[in-house]
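For reference, each letter of the sequence shown is one residue, going 5 to 249 in the working numbering.
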Amino acid sequence: MLPPPRADDPVGHGYTAFQVVRLAVWAARECRWVDAMDPAHRAETAWEAITEHLQLAPDRPQETELIALGWKAMKAQHYQDLKARGLGGKDKTLLSRAFVRYWTSASAPAHSHEDHIVDRLALAQIWTALKPAHRQVLTALAEHEDRRRAERSLNMDPPAFTRALGRARRAFLALWHEGETPSQLWGYDRPGARHQNVMYLVRLRKRRALQRKAQAEVLSRRHLPPQDLEVNDAFDRSGRTRGQQ
């Protein structure tokens, strides 16, 4: 991924150039959530972040801290690459509104506000047609932008809020499609921030490797050849010993 340095020069806090390259390559290889990035691009991004941190950090960082820093830099760079292609940042499946607005207008024969007007009118009509309970759930989620806070504002437990939110979304889609087959609910919600600690991921990988090894040992025992107990010479098919014949 990265060319080896010409000399093992010190970089900072006792880390050398070879060690920095090794950490950057390891971080790029183990970073599974930016598979769309080229491996070399990943390694270069991690290497730049690690090198800069070693130059500026007041204390010596641990290797796990440098790896996590490389992951964070790759993730940020990946989002920037997505935005450059018109994709909506963290949500890699949605085009950004500004990108769609610009290219829809630029590629049209004449600029028109029809789509914006139709969407706003449809939203207003659907909103008034929804049941108060559906509007209450959707409003709470829109205002708080977090499912846990929305649940607390409505005094609901998570299962009850999930069921109510699902019913409200299905009702909205049924009205939006006006008698046609509503689109399926796709994607998933993350109720809160999900933190991935580097040591947690390392321990998880080791635990899964041990589980796979244990499963392989069990399967190998199942397929062992049968042991020869050397009883065929003592008994014939009728179960009598040769001495009794």
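Just so you know, even glycine gets a beta-carbon here, dropped at the ideal spot from N, CA and C.
Measuring only the C-alpha atoms, how far is residue i from residue j?
{"i": "His-82", "j": "Arg-171", "result": "35 Å"}
{"i": "Leu-158", "j": "Ala-47", "result": "46 Å"}
{"i": "Arg-167", "j": "Ala-146", "result": "17 Å"}
{"i": "Lys-79", "j": "Ala-50", "result": "10 Å"}
{"i": "Ala-128", "j": "Gln-140", "result": "15 Å"}
{"i": "Gln-200", "j": "Glu-34", "result": "With a pLDDT of only 49 at Gln-200, under 50, the local geometry of the prediction cannot be trusted, and the value read off the model is given with reservation. Near 13 Å, if we compare the C-alpha coordinates of Glu-34 and Gln-200."}
{"i": "Pro-14", "j": "Arg-173", "result": "57 Å"}
{"i": "Ala-197", "j": "Leu-208", "result": "With a pLDDT of 44 at Ala-197, under the threshold of 50, the modelled position of that residue is not reliable, and the figure given next carries that caveat. So the two alpha carbons sit approximately 19 Å from each other."}
{"i": "Pro-3", "j": "Val-25", "result": "Residue 3 falls outside the range modelled here, since the chain spans only 5 to 249, and no answer is possible."}
{"i": "Leu-86", "j": "Arg-36", "result": "16 Å"}
{"i": "Leu-214", "j": "Trp-30", "result": "21 Å"}
{"i": "Arg-260", "j": "Ile-130", "result": "Here the chain covers residues 5 to 249 and nothing more, so residue 260 does not appear."}
{"i": "Trp-6", "j": "Gln-23", "result": "Here the sequence assigns Leu to residue 6, which means Trp is not the residue at that position. Their backbone Cα atoms lie some 12 Å apart in a straight line."}
{"i": "Ala-218", "j": "Phe-165", "result": "41 Å"}
{"i": "Leu-58", "j": "Leu-70", "result": "9 Å"}
{"i": "Phe-176", "j": "Pro-163", "result": "20 Å"}
Go to residue i, then tell me how far its alpha helix (DSSP H) extends in each direction, as first and last residue.
{"i": "Val-141", "result": "136-148"}
{"i": "Val-25", "result": "21-34"}
{"i": "Gly-4", "result": "Look at the range of the chain in this structure, 5 to 249, and you will see that residue 4 is not part of it."}
{"i": "Pro-43", "result": "43-60"}
{"i": "Arg-151", "result": "151-157"}
Within 10 angstroms of its Cβ, does residue i collect 16 or more other Cβ (buried), or is it exposed?
{"i": "Glu-182", "result": "exposed"}
{"i": "His-138", "result": "buried"}
{"i": "Ile-121", "result": "exposed"}
{"i": "Trp-75", "result": "buried"}
{"i": "Val-222", "result": "exposed"}
{"i": "Ala-77", "result": "buried"}
{"i": "Ala-220", "result": "exposed"}
{"i": "Ala-154", "result": "buried"}
{"i": "Leu-60", "result": "exposed"}
With distances taken from CA atoms, which of the options is nearest residue i?
{"i": "Ala-44", "options": "Ala-32, Val-38, Glu-52", "result": "Ala-32"}
{"i": "Leu-73", "options": "Arg-153, Asp-85, Ala-53", "result": "Ala-53"}
{"i": "Glu-67", "options": "Val-38, Arg-211, His-17, Lys-87", "result": "His-17"}
{"i": "Leu-125", "options": "Arg-153, Leu-179, Gln-84, Trp-37", "result": "Leu-179"}
{"i": "Ala-21", "options": "Pro-62, Met-41, Asp-12", "result": "Asp-12"}
Just to confirm the assignment, what range does the beta strand (DSSP E) spanning residue i have?
{"i": "Val-38", "result": "That residue, Val-38, is in no beta strand (DSSP E); it is neither H nor E in DSSP."}
{"i": "Pro-65", "result": "It is not in any beta strand (DSSP E) - Pro-65 carries neither H nor E in the DSSP assignment."}
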